[in-house]
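> Residue numbers (my numbering), protein chains in the order written: chain E, 1 to 342; chain Y, 343 to 684.
Virtual Cβ for every residue (Gly too), placed ideally from N, Cα, C.
Computed from a predicted model, the values in this text were never measured in an experiment.
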DNA sequence: ATGAAAGCGCTAACAA
DNA sequence: TTGTTAGCGCTTTCAT
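#1: In chain order, what residues of the same chain lie with their CB nearer than 8 Å to the CB of residue 65(E), ignoring the 5 residues before and after it?
#2: Among 39(E), 157(E) and 63(E), which one has its Cα closest to the Cα of residue 147(E)?
#3: Identify, in the order they occur along the chain, each residue of the same chain with its Cβ nearer than 7 Å to the Cβ of residue 201(E), setting aside the five sequence neighbours on each side.
#4: At a Cβ threshold of 8 Å, is residue 51(E) touching chain Y?
#5: Out of curiosity, what's the CA-to-CA distance linking residue 462(Y) and residue 48(E)?
#6: Whole alpha helix (DSSP H) runs in the region 56 to 135 of chain E with 4 or more residues, listed along the chain?
#7: For the region 445 to 475 of chain Y, list every residue whose C-beta sits within 9 Å of some C-beta in chain E, in sequence order.
#8: Might you give, ordered along the chain, the residues of its own chain that have their beta carbon closer than 7 Å to the beta carbon of residue 319(E), omitting 5 neighbours on each side?
#9: Should residue 322(E) go down as buried or exposed, given a rule of 16 or more other Cβ atoms within 10 Å for buried?
#10: Closer than 8 Å, Cβ to Cβ, to anything on chain E: give me those residues from the region 374 to 404 of chain Y, in chain order.
#11: Compute the beta-carbon to beta-carbon distance between residue 572(Y) and residue 601(Y), rounded to the nearest angstrom, for a pair I have assumed lies under 8 Å.
#12: Can you give me, in chain order, the residues of the region 424 to 447 of chain Y that have a beta carbon less than 9 Å from any beta carbon in chain E?
#13: Please confirm whether residue 262(E) and residue 198(E) have their CB atoms less than 8 Å apart.
#14: Is the shortest distance between the beta-carbon of residue 76(E) and the beta-carbons of chain Y less than 8 Å?
#15: Where residue 218(E) and residue 189(E) are concerned, what is the direct C-alpha to C-alpha distance, given to the nearest angstrom?
#16: Got a sec, what are the start and stop residues for the beta strand (DSSP E) residue 347(E) sits in?
#17: Less than 8 Å between the beta carbons of residue 362(Y) and residue 348(Y), yes or no?
#18: Under 9 Å Cβ-Cβ, which residues of chain Y neighbour residue 283(E)?
#19: So, for residue 4(E): in the same chain, excluding its five sequence neighbours on each side, which residues have a beta-carbon less than 7 Å away from its beta-carbon?
#20: Using CA coordinates, which residue listed in 254(E), 335(E), 118(E) and 326(E) is at the minimum distance from residue 341(E)?
#21: How would you call residue 70(E), buried or exposed, if buried means at least 16 neighbouring beta carbons within 10 angstroms?
#22: Based on the DSSP output, what are the partners of residue 566(Y) in its beta bridges?
#23: Show which residues of chain E have a CB atom less than 7 Å away from the CB atom of residue 633(Y).
#24: With H, G and I counted as helix, E and B as strand and the rest as coil, what does DSSP make of residue 298(E)?
#25: Strictly by DSSP, which residues pair up with residue 251(E)?
#26: Starting from residue 335(E), trace the beta strand (DSSP E) in both directions and tell me its first and last residue.
#27: Taking the C-alpha atoms as reference points, what is the distance between residue 268(E) and residue 178(E)?
#28: Using the beta-carbon count (16 or more within 10 Å), is residue 334(E) buried or exposed?
#29: Would you call residue 173(E) buried or exposed, if buried means 16 or more other Cβ atoms sit within 10 Å of its Cβ?
#30: Under 8 Å between C-beta atoms, does residue 8(E) make it to chain Y?
#31: Helix, strand or coil for residue 340(E)? Go by DSSP, reduced to three states.
#32: Thinking residue 339(E) and residue 298(E) are a contact (beta carbons under 8 Å), I'd like their distance in whole angstroms, please.
#33: State yes or no: is the C-beta of residue 185(E) nearer than 7 Å to some heavy atom of the ligand ZN?
#34: By the 10 Å Cβ neighbour count, where 16 or more other Cβ atoms means buried, how is residue 184(E) classified, buried or exposed?
#35: Quick one: any contact between the region 159 to 167 of chain E and the region 135 to 147 of chain E, if contact means 3 or more CB pairs under 8 Å?
#36: Flag residue 598(Y) as yes if its beta-carbon sits less than 8 Å from any beta-carbon of chain E, otherwise no.
See the structure below:
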């Protein structure tokens, strides 16, 4: 075990008091330049590092940010959460914070985890993902005055008391739809999730908007289903059977898009040809997951790394000084990654 | 902010000393049953939780386990690391630990991160992934007596002083090869990484062994290249061009396998058909990533969740009491997930 | 079986 | 500008 260097060791070696060492580190401007230099030299020489636990006891700040790591997903959609965590950890380190992980299944389990964590490790803040209508987690934290940001807007509250960062999903599906329109497609369907999910409704809206802009309606052109490959395939088949005129499909996720690809065939190289013959239907997914890249699926890409760094920056600002700052809301634009499928 | 409940509050409400509360929580057997009950009731009622920072100052134990989260990968191979982290976090919580994240690029950056972390947050242990020959991280930790486990065996040291958990990669490729042999394939190639990587050599060895068992040699049947899709495609094309008799390919990763699929075509449904005609070559990958599932690639699956829980259990045992226990080495068997590609 | 005292390493408040 | 004092919440002695 590495021998422990305390502030007292530094003070002794530098010939100053412990307080002066502390000041040098935390309020350098209050220490004479010469003294500061001497102290910093000793700090360097001895490899001193402030002990977080001790500092935390005095200041009440742990410099820990808690984030949930999702239970293993289908691996397609899960990748967004993982990329987000990567980004958070990197930005956090730069801002002098560390990310503490926890797991929870459902809102209530998650608020229980908040309670545990706050009682024991006292993270300075939480970062939440996948906000939804009537999110009990945000109200729990807000009621207790615990700082937090969310990746995902406050769906039920346009003037939320907390910061959020989100990606403009509607803009994404709108861009995808326009891209298809520009290619000459006129009957463009949509595969999404059942109404009521903020994210899903938002993505459907972008598609609808793009069609409306060129005077096209949406009746009979969309299907809603569970977010997985098999349901996606089923829904796509149903939609295409009912309306053989459809030549392109915008999907709310890569999972659904992958399912759709099983019944559709994009122009150019044949991607997923089942045993039977297929229609040349273009497909666009959402999230630009590794699977999309692997199979050549055109997909809407969310700037996850930026979302993560924005979340942390908003948090850090408020944590380090600007406690009373009004909440900020950030809506970042996605981009369309065009591949062979559409 | 939640009002803080301290051990003193509990002591007062239960009519005992703070010490008795502490004993009730840490050494229950030393407290009279009746007293214990009373204290626990109050703990429950007040929602008391021991403050980690304070406890850490006394005991020197943080109940924090540090693990690295990889910078964003190609998304194919990265998924193993993410699944591992999921598993760690879940098991850790069950054992009363939390996972603290850090990032680092390269061995030296990682040992620097160790130093930082140990000085500041004092994690009780580290969990390392992707060990390799001459791993500077393990020697750094070992020299300083910091507890750690690795996912990945100690390639350079059969009698390593630390615990490790690994998956028997050779057994995986051997099973894959046997599976292909059982299907009637006789000329089975291998796509792997340049010699010298423990993991890669191990996987190649399993393939070689399976062929040797049935009296087949390996000359001219393998190619080594960088672990990515394009190099995999290139190597596969080269291999198949040189030896048109090859009917199946075992690959050291799903990335390579995906590349191979671009030039091969599995029996059954056609998966990835380029513009040109293709040979019906079976392909098996390694890691069973989401991409493998999505495209119907047969792949060797590592029991990542078990690896993670084993790592943590070994650590927890040594941390909570059995400090002097001799190191344990665990080699877990992988399994073959058969899909359409082979 | 229970309680009192001490101190882990740090920094806010105050004194010099 | 620098040093002294006190105490954050807990657990390890040691005394009762």
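For this structure:
#1: Within the same chain, residue 65(E) has close Cβ partners 88, 92, 97, 98, 99, 100, 123, 124, 125, 126, 127, 312 and 315.
#2: 63(E)
#3: 195
#4: yes
#5: 9 Å
#6: For the region 56 to 135 of chain E, the continuous alpha helix (DSSP H) assignments of 4+ residues that do not extend past its boundaries occur at 78 to 94 and 107 to 120, in sequence order.
#7: 445, 455, 457, 458, 459, 460, 461, 462, 463 and 464
#8: 124, 125 and 147
#9: exposed
#10: 389, 390, 391, 392, 393, 394, 395, 396, 398, 399 and 404
#11: Confirmed, Cβ separation roughly 6 Å.
#12: 424, 425, 427, 428, 429, 430, 431, 432, 434, 435, 440, 441, 442, 443, 444 and 445
#13: No, Cβ-Cβ distance for residue 262(E) and residue 198(E) is not below 8 Å.
#14: yes
#15: Per the coordinates, the alpha-carbon of residue 218(E) lies some 8 Å from the alpha-carbon of residue 189(E).
#16: Nothing about residue 347(E) can be reported from this structure: the residues present for chain E run from 1 to 342 only.
#17: no
#18: Per Cβ cutoff of 9 Å: no residues; residue 283(E) is ~13 Å from chain Y at best.
#19: The beta carbon of residue 4(E) sits closer than 7 Å to no other beta carbon from its chain once the five residues preceding and following it are set aside.
#20: 254(E)
#21: buried
#22: DSSP, once it has assigned bridges, lists 534(Y) as partnering residue 566(Y).
#23: 290, 291 and 294
#24: strand
#25: 191(E)
#26: 335 to 337
#27: Note that residue 268(E) has pLDDT 35, beneath the 50 cutoff, so the model's placement of it is unreliable and the number below is only indicative. Taking the straight line from one Cα to the other gives about 20 Å.
#28: buried
#29: Buried: at least 16 other Cβ atoms inside 10 Å.
#30: It does not; no Cβ of chain Y falls within 8 Å.
#31: coil
#32: About 5 Å separates the two Cβ atoms, so the contact holds.
#33: The ligand content of the structure shown is nil, which means the ligand ZN is not present either.
#34: By the 10 Å Cβ count, residue 184(E) comes out exposed.
#35: yes
#36: no
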